[in-house]
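First the structure, in the form of structure tokens, and then the observations on it.
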Amino acid sequence: MSDKFSILRRLSQKVRPQDFDATDDLASVKKTPQTKVDSSGKKRVVISDDSEVIDRKIPRQSDNGASRFRLRRIAVQRQEGRRRLRWFTVVGLVVAAVIVILLLLTSPILSVRQVDVEGVVYADPQQIAAIVDSIDGEPILTVDLDVAETKLLAIPWVRLARVSMHLPARVAIEVVERTPIAFFRGVDGFNRVIDRDGRVLDVIEGDPTDYITIIGTGPNLSAGQTTEQPLLGAAELINALPSELRVRLLSVTVSPDGEVSLSLTNDVEVIFGRPDDFQVKLVGVVNEIKRQGTNRYAVIDVSSGQPSVR
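Pasting the structure below:
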């Protein structure tokens, strides 16, 4: 009986879990009979187990590390691929947007097909038409409205100009013209119509009846140029006259030494002297006319700042 236990002990020592390879899934056992002689001279049969490993290729720890490395590399490559795809998508969208914008800028669909002009009465119609022609038919998104405004302001009669764009195909031109208030004769015999700023609006042959006459020879200025003193002062004085004096004004005289005087109805002359201190002198004239009432007088002199009557 002890012999049997010894045989089983040897078998248990031979076949142990650690004897199996970590990479093996199953092991098949070959039983090989062996004959041994014990100390008493008897022969005994001993059966030993030889394990044959069936290779099922279970992943080892080193193989698991390599697999994780490959999976990580694949994940990184996929992430880089997605990043490149996003970058190419953004670039593609930008390029597409630029192409669309360029097509719109040059497309006749968004070209100027209507130009409306408001406020023009005296300005040269040929100059206005030339500006309109430079706008009409141009791409509305790139047409230079500032250049058009600059050209309009260069026209002598134009005081203010505004050019605005109205999609999809309209441009509006709004003009505020200068108001003529007087004219003077130049050395060449032609009359220059001026506004309150002394700007020459037009050069004409005859005497206009709608504007105050400035008596005194002036320089030969072209339309668009501006007069200097004392003609400029005369224009500013006319513009500053209160209504009760404006309705009585017949003409303004400019002397060679630069002094200004007014001719009013009822044969009244107002001597202003130098064209300055308009407000003080005009207040003195108005008060003196009221003070005199129906009295007869021919001259009101305010050149010194204090009105005197004679």
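Residues in the sequence shown are numbered consecutively from 2, following my numbering.
All C-beta atoms, glycine included, are put in the ideal place defined by N, C-alpha and C.
For the alpha helix (DSSP H) that residue i lies in, which residues bound it at each end?
i: Q280; result: F279 to Q293
i: P181; result: Segment P181 to G187 is the beta strand (DSSP E) holding P181; no alpha helix (DSSP H) there.
i: D147; result: L146 to L154
i: L134; result: Here residue 134 is Asp; the residue named in the question, Leu, does not match the sequence. Element bounds for D134: P126 to I136.
i: R247; result: S244 to R247
i: I239; result: L232 to A241
Can you check which of these residues, the options, is closest to residue i by C-alpha distance?
i: S304; options: P209, N267 and S262; result: S262
i: I182; options: I213, V95, G190 and P220; result: I213
i: G190; options: V310, L202 and G217; result: G217
i: W1; options: E270, R197, V164 and S252; result: Outside the displayed span of the chain (2 to 311) sits residue 1, for which this structure offers no information.
i: I129; options: V176, L86 and T90; result: V176
i: S165; options: D147, I75, L86 and A235; result: D147
i: R320; options: V271, L283 and V281; result: Summary: the structure shown does not reach residue 320, with the chain confined to residues 2 through 311, and so no result is reported for it.
i: A124; options: E206, A67, E229 and A224; result: A224
State buried or exposed for residue i, treating a residue as buried only when at least 16 other CB atoms are found within 10 Å of its CB.
i: I156; result: buried
i: I301; result: buried
i: I174; result: buried
i: L242; result: buried
i: F70; result: exposed
i: V188; result: exposed
i: R84; result: exposed
i: K291; result: exposed
Measure the C-alpha to C-alpha separation of residue i and residue j and round it to an integer number of angstroms.
i: H167; j: I132; result: 17 Å
i: I110; j: G93; result: 25 Å
i: N296; j: P220; result: 40 Å
i: G285; j: L153; result: 41 Å
i: L161; j: V99; result: 37 Å
i: E289; j: P308; result: 7 Å
i: D268; j: A299; result: 6 Å
i: T254; j: S264; result: 8 Å
i: P276; j: D134; result: 44 Å
i: F280; j: V118; result: The sequence as given places Gln at residue 280; Phe does not occur at that position. If you take the alpha carbons of Q280 and V118, they lie about 38 Å apart.
i: S29; j: R79; result: Its pLDDT being 46, under 50, S29 is placed unreliably by the model, and nothing is read from it.
i: S244; j: G138; result: 48 Å
So, at 6 Å on beta carbons, what are the nonlocal neighbours of residue i in its own chain, with the 5 sequence-adjacent residues on each side left out?
i: R200; result: T227
i: G259; result: P231
First and last residue of the beta strand (DSSP E) that includes residue i?
i: L161; result: V159 to H167
i: L1; result: Residue 1 lies beyond the range of the chain shown here (2 to 311); nothing can be said about it.
i: S252; result: L250 to V255
i: L202; result: V201 to I205
i: G274; result: V269 to G274
i: A170; result: Taken as a continuous stretch (DSSP letters only), A170 belongs to no beta strand (DSSP E), as it is neither H nor E.
i: R193; result: N192 to D196
i: G217; result: I213 to G219
Going along the chain, which residues of its own chain have a beta-carbon closer than 7 Å to the beta-carbon of residue i, five neighbours each way excluded?
i: I136; result: V113, V116, V144, A149 and V172
i: R193; result: F184, F185, G187, V201, V204, G219 and L222
i: S252; result: I213, T214, I216 and S264
Leaving aside the five residues before and after residue i along the sequence, list all residues of the same chain whose C-beta is less than 8 Å from its C-beta, in chain order.
i: A170; result: L111, S112, V113, R114, Q115 and I141
i: D208; result: F184, N192 and T214
i: D278; result: G306
Would you say residue i faces chain D, with C-beta separation under 8 Å as the test?
i: R71; result: The structure shown has no chain D; it contains just one protein chain.
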